[in-house]
Structures are given as C-alpha cells and as structure tokens.
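A short worksheet on the structure shown next.
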Amino acid sequence: MRILLVEDETRLADALEQMLKKQGYFVDVAGDGSAGQDMAETGIYGVIILDRNLPGIEGVEILKHLRAKRVATPVIFLTAKDTVSNRVEGLDAGADDYLIKPFSKDELLARVRALARRSENLQISDTLCVASLRLDTRSCEVSIGTEKTKLTATETQLLELLMRNKGQVLTKEQIIDRIWGFDKDVEIKIVELYIYYLRKKSPLRKAARPSAQSGELATA
Numbered sequence: 001m002r003i004l005l006v007e008d009e010t011r012l013a014d015a016l017e018q019m020l021k022k023q024g025y026f027v028d029v030a031g032d033g034s035a036g037q038d039m040a041e042t043g044i045y046g047v048i049i050l051d052r053n054l055p056g057i058e059g060v061e062i063l064k065h066l067r068a069k070r071v072a073t074p075v076i077f078l079t080a081k082d083t084v085s086n087r088v089e090g091l092d093a094g095a096d097d098y099l100i101k102p103f104s105k106d107e108l109l110a111r112v113r114a115l116a117r118r119s120e121n122l123q124i125s126d127t128l129c130v131a132s133l134r135l136d137t138r139s140c141e142v143s144i145g146t147e148k149t150k151l152t153a154t155e156t157q158l159l160e161l162l163m164r165n166k167g168q169v170l171t172k173e174q175i176i177d178r179i180w181g182f183d184k185d186v187e188i189k190i191v192e193l194y195i196y197y198l199r200k201k202s203p204l205r206k207a208a209r210p211s212a213q214s215g216e217l218a219t220a
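Numbering-wise (our numbering), the sequence shown opens with residue 1 and increments by one.
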C-alpha cells in the first residue's frame, strides 16, 4: 500500500518515512501544503498522514478540498493543536483520525493499519477500468477482454496513476514524484523506460498510443 505523508518538519518526516517503509509501505513525502494537495488529488494512496500546520495551504483546507473533490482516501491528522474545538474542526473537515503531537510511533502504526483495512474495502482501490482496459491493483493484473498479463509493482503503480488521471497531462517530473517519491537518484529517463515496459505487455499493445507532451501511456 502507498502512503502519502504531508509534513514540513524535515526530521520528523524523515523518521516517519523510514518507520513506515520498514513496515512494508510505499511512502511519498510532501513538505508543503500545495505539493501535498496535488499529490493527494491523484487518488492513488491508501492512507494520507496530514500535518495540520503547513506552509502553502493549511491542513484543514487541504482536507476540505479533497472531500469536495470526492477523494475518499482515509486521512490521519497530525497536529499540536489539542483543544476539543480543534479536534472537532478537523473531524468535521473530513478527517478519519486525529493524533496529537508528540505521539507514540506504535500508536501511529496501529492507526495506519486500521485505516489501511478500511481503505482496502473501498472498491475504487481494487479495480480500474478505462474503455476496454481493466487493471486489478491487488493482483497486479491488466486485461483487455480475455487477454491478461501480470505487471510488476512499479508498472502497476504507474498504470494506476495514468488511469486515475485519464485526460490529464502528467509531466515526467510529476510521474517521478508520484511513483518514486523525491528520490534524487531517479532520472527522467526511468519514466520512458517504464512506459516502454508497459507498452510491451500484450494487452497494453492494443490500448497504447504515445503522448508527445508527457510520454504518458494514453488509454483510449
């Protein structure tokens, strides 16, 4: 499962990222509200961990925006604001859970697991369909009609991102941020390589056509 962590405190973000990765989660980190909102809107995450006090856009406003856009991803608020009115405001904005700083890492992991189970029950997270193309994100299987093939985990994440953003242009930089996070060792050409891998898969050969603007796999 992929988790989005929106946290501007670098040391805390780094510690939480490593902790979550050790538990087997894929983790993307956004250091400000604007980037976090853009990433959250893709709908590819199983859980969002959202700091309340962020530069750019405040956490409550991000959450209200996501819920208005019908992004149903479960959200855990992390905040130092511990008054009843603050908690009520966060929950009313659409938060699924609320954790006060400082907090126990074990408690955060337990709450992530609880929301992950809820997220797995959302039908939208299992299967995506664009025209005749069907992607099962759990089994990493893509199909057109009766023709099916397996994808790697990264191929599945990439195809899921493109299908969820059908009709939108994604730059290679945006794709890298969504799939590989902010790993500075990842080069732009890796996007072209994985697009090539996807196009070679037998069902996708029927559905693929190039996009000169972003190198995306277009499905029509």
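All residues carry an ideal CB built from backbone N, CA and C; glycine is no exception.
(request) Report yes or no: do the stretch 28-42 and the stretch 2-18 share at least 3 C-beta pairs separated by less than 8 angstroms? (result) A contact exists between the stretch 28-42 and the stretch 2-18.
(message) According to DSSP, is I49 part of a helix, a strand, or is it coil?
(response) In the sequence shown, the residue the question calls residue 49 occupies position 49. Per DSSP, reduced to three states, the secondary structure at I49 is strand.
(request) Keeping to the same chain, check which residues put their C-beta closer than 7 angstroms to that of K81; ignore five residues upstream and five downstream. (result) Residue 81 sits at position 81 when you count from the first residue of the sequence shown. These residues qualify, in order along the chain: R52.
(request) Report buried or exposed for Q174, applying the criterion of at least 16 other Cβ atoms within 10 angstroms of its Cβ. (result) Translated into the one-based positions of the sequence shown, residue 174 becomes position 174. Counting Cβ neighbours within 10 Å, Q174 comes out buried, since at least 16 surround it.
(message) Which complete beta strand (DSSP E) runs does the stretch 112-155 hold, if anything under 3 residues is left out?
(response) 127-130, 133-136, 141-144 and 147-150
(request) List the endpoints of the continuous alpha helix (DSSP H) containing R236. (result) An answer regarding residue 236 cannot be provided, because it is not within the stretch 1 to 220 covered by the chain.
(message) Just checking: is the beta-carbon of G43 within a distance shorter than 8 angstroms of some beta-carbon in chain B?
(response) Reference to chain B is not applicable here, since this structure consists of a single protein chain.
(request) Could you name the residues that DSSP lists as bridge partners for A30? (result) Along the sequence shown, one-based indexing puts residue 30 at 30. For A30, which the question treats as bridged, DSSP gives the partners V6.
(message) Let's see if you can read the secondary structure: which residues bound the beta strand (DSSP E) around Y25?
(response) Reading the sequence shown from its first residue, position 25 is the one you call residue 25. Premise fails: Y25 is in no beta strand (DSSP E) and is neither H nor E.
(message) Whole angstroms are fine: how far does the CA of A110 sit from the CA of S104?
(response) For the purposes of this step, residue 104 is identified with residue 104 of the sequence shown, where counting begins at 1. For the purposes of this step, residue 110 is identified with residue 110 of the sequence shown, where counting begins at 1. Cα to Cα, the separation comes out at about 10 angstroms.
(request) Please name the residue or residues paired with L198 in a DSSP beta bridge. (result) In the sequence shown, counting from the first residue as 1, residue 198 sits at position 198. Beta-bridge pairing links L198 to no other residue.
(request) Note down the Cα distance separating L66 from Y25, rounded to an integer number of angstroms. (result) Taking the first residue of the sequence shown as position 1, residue 66 is located at position 66. Taking the first residue of the sequence shown as position 1, residue 25 is located at position 25. Whole-angstrom Cα-Cα distance: 22 angstroms.
(request) List the whole-angstrom C-beta distance separating L161 from R178, where the pair is believed to meet the contact cut-off of C-beta under 8 angstroms. (result) On the sequence shown, position 161 is the one that residue 161 refers to. On the sequence shown, position 178 is the one that residue 178 refers to. With a Cβ gap of about 5 angstroms, L161 and R178 count as contacting.
(request) Just the C-alpha distance for A114 and E107, rounded to the nearest angstrom, thanks. (result) Position 114 of the sequence shown, counted from the first residue, corresponds to residue 114. Position 107 of the sequence shown, counted from the first residue, corresponds to residue 107. Each residue's Cα considered, the two are about 11 angstroms apart.
(message) Measuring straight from C-alpha to C-alpha, what distance separates L159 and D92?
(response) By 1-based counting over the sequence shown, the position of residue 159 is 159. By 1-based counting over the sequence shown, the position of residue 92 is 92. Each residue's Cα considered, the two are about 34 angstroms apart.
(request) Whole angstroms is fine: what's the gap from N86's alpha carbon to L99's? (result) Stepping through the sequence shown from its first residue, residue 86 is reached at position 86. Stepping through the sequence shown from its first residue, residue 99 is reached at position 99. Between N86 and L99, the C-alpha separation is close to 12 angstroms.
(request) Would you mind reading off the limits of the alpha helix (DSSP H) that contains L170? (result) As a first step, residue 170 must be located in the sequence shown, where it is residue number 170. Per DSSP, L170 belongs to no alpha helix (DSSP H) and is neither H nor E.
(request) Report the three-state DSSP secondary structure of I179 (helix, strand or coil). (result) Counted from its first residue, the sequence shown places residue 179 at position 179. Helix at I179.
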